[in-house]
Amino acid sequence: MADAKPLYDTYNRVPIVFERGHGVWLETPEGERYLDFAAGIAVNSLGHTHPHLVEALKAQADRVWHLSNVHEIPGQSRMAERLTEATFADKVFFTNSGAEALECAIKTARRHFHVKGQPDRYRIVTFEGAFHGRTLATIAAGGQSKYLEGFGPKVEGFDQVPFGDIQALKAAITDSTAAILVEPVQGEGGIRPLSNEQLRELRTLCDRNGILMILDEVQSGVGRTGKLFAHEWAGIEPDIMAVAKGIGGGFPFGACLATANAADGMTLGTHGTTYGGNPLAMAVGNAVLDIILDEGFLTHVNDVALVLRQGLASLKDRYPDLISEVRGTGLMLGIKCAKSNADLVQAMRNEHLLAVPAGDNVVRLLPPLIVTAEEAREAISRTEAALDLLSRSGTAN
Ligand SMILES: *Cc1c(COP(=O)(O)O)cnc(C)c1O
């Protein structure tokens with residue numbers, strides 16, 4: 003593509019242009035329709051151009067677009083009140099992205115021990131396969147060499163242990179450990195969930211060692227797994243949590259949530275942002291909450307998830323040579339491939355179904371949460387067509 007030249011070459015782009023979207027569907031300028039089970043990687047939680055979100059954004063656009071955080075910003079307190087009421091948190095800091103929400107989470111944990119007179123307690127333990135963003139601190143937290151290579155010294159203070167290995171984690175905790183940081187369900191890592199039992203063990207471990215539990219729910223949060231936040235399935239509460247993606251429904255929006263105790267070091271002047279909590283973002287975020295917090299919404303997510311899950315399970319039975327496992331919770335599902343996940347994503351795209359590749363040879367299905375049972379069945383039949391073609395081209399070789 004000629005017009006791609008002036009752009010950084012950091013993305014391997016799919017050669018399809020989408021001009022408009024509605025609900026779970028995207029459309030090319032030629033009018034070809036695609037079923038969107040990628041949702042901008044779990045961002046378009048309410049699908050494309052949801053009327054309630056469009057109305058909220060347009061109404062705010064006519065009032066005021068931007069104000070510095072030296073002013074009270076319309077919608078910020080309301081958004082924060084609703085988030086704290088619905089979660090473990092007492093305090094919220096708004097950002098523009100997931101990585102910034104994680105930066106705030108990391109800074110919050112470090113400052114907590116700083117003001118407690120333990121400035122040497124700043125290290126954070128994370129799991130291998132994690133993904134926390136692409137800033138210098140979050141690539142250090144994620145620990146993946148493919149993202150760290152060539153960017154100079156890795157930010158100090160992150161210790162990694164094998165995924166889900168509680169014994170290794172115990173051994174990694176020292177007097178300089180401030181927190182554990184994990185995704186309840188690894189997204190980029192390949193829809194790898196921690197069990198409820200493991201999450202509870204982590205909580206106990208944090209309590210016993212007097213350290214903070216930070217959850218990265220940037221991908222798993224905001225209804226994605228069928229609870230408002232994935233950790234609720236385990237009946238635990240973190241001290242700090244990073245949120246983004248689905249909470250903005252497509253508008254750049256992140257948040258760091260914390261208990262009053264964990265956030266006690268984040269005093270006047272210790273942190274800030276120009277755009278975080280911007281009036282446009284707040285208008286859209288509050289509109290997203292209007293729908294997701296509505297009674298019955300999560301029941302819908304769980305009902306459709308069951309249809310999708312069962313459909314995938316039957317595909318696994320019929321194509322054992324191509325699918326080795328179906329995993330995940332709610333509408334955060336992963337197909338672990340026996341052959342190449344890239345080939346399956348491509349074959350699905352040929353059937354006009356969008357999905358997302360992930361680590362561990364997985365294909366992720368992350369549809370908008372408003373997806374209907376009928377659309378879920380349509381996705382299954384398109385996936386079946388893709389698998390069928392792959393299995394026949396497999397035997398031809
Ligand atoms: C996407 C993602 C991030 C980073 O979010 P950005 O908005 O891209 O900075 C962090 N953590 C998890 C779990 C994610 O899925």
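Under the numbering used here, think of the first position of the sequence shown as 3, with each following residue one higher.
By construction, the Cβ of each residue, glycine as well, lies at the ideal position given by its N, Cα and C atoms.
Keep in mind it's a predicted model, so treat the numbers as computed, not measured.
Rounded to whole angstroms, T12 and Y149 show a C-alpha spacing of 12 Å. Distance from the CA of V56 to the CA of A375, rounded to the nearest whole angstrom, comes to 24 Å. Here L324 carries a coil assignment [DSSP, helix/strand/coil].
Taking 7 Å as the cut-off, one finds no heavy atom of ligand 1 near enough to the beta carbon of Q348.
In this structure, the beta-carbon distance from V245 to G256 falls below 8 Å.
With respect to the C-alpha of M81, the residue from E377, A340, R210 and L282 having the closest C-alpha is L282. Going by DSSP, D362 is part of no alpha helix (DSSP H) at all; its letter is neither H nor E. Burial state of D218 is buried, judged by a 10 Å Cβ sphere holding 16 or more other Cβ atoms. Classified as exposed, W67 has fewer than 16 neighbouring CB atoms from the shown chains inside 10 Å of its CB. Per DSSP, the beta-bridge partners of K338 are E327 and V364. By the 16-neighbour rule on beta-carbons within 10 angstroms, H114 is buried.
Three or more pairs of CB atoms, one per stretch, sit closer than 8 Å, so the region 337–348 contacts the region 314–325. Only buried fits R205, as 16 or more other CB atoms lie within 10 angstroms of its CB. Close CB contacts of G274 within its chain, under the 7 Å cut and outside five residues either way in sequence, are with N71 (chain order). Here V309 is not near A388, since their CB atoms are 8 Å or more apart. Taking C-beta atoms as the reference points, V16 and L259 fail to come closer than 8 Å.
Under the three-state reduction of DSSP, I75 is assigned to coil, being neither helix nor strand. Residue range G100 to V117 is occupied by the alpha helix (DSSP H) that includes L104.
Remark: the shortest separation between the CB of F133 and any heavy atom of ligand 1 falls under 7 Å. For G49 against I249, the beta-carbon gap comes to about 15 Å, at or over 8 Å, which does not count as contact. Here G152 is exposed, its C-beta having fewer than 16 other C-beta atoms within 10 Å. With a beta-carbon spacing of about 13 Å, I168 and N211 fall beyond the 8 Å limit used to define contacts. In this model, G298 and P370 are separated by some 16 Å (Cα to Cα).
Between the alpha carbons of G77 and A61 lies a distance of about 13 Å.
Distances between the C-beta of G77 and the heavy atoms of ligand 1 are all 7 Å or more.
Shown here for R329: same chain residues with a beta carbon closer than 6 Å to its own, the five before and five after excluded, namely I193 and G336 in chain order. For the set A41, V184 and E34, the Cα lying nearest the Cα of A107 is the one of V184.
The three-state reading of DSSP puts H302 in helix, counting H, G and I together. By a beta-carbon distance limit of 8 Å, E83 does not contact A139. Their separation comes to about 29 Å.
The C-alpha of A289 lies about 7 Å from the C-alpha of H54.
About 18 Å separates the beta carbon of S222 from that of G252, a gap too long to meet the 8 Å contact definition. Comparing alpha carbon positions, the residue from R123, Y124 and G145 closest to A132 is G145. Rounded to the nearest angstrom, the Cβ distance from L196 to P186 is 6 Å, consistent with a contact under 8 Å.
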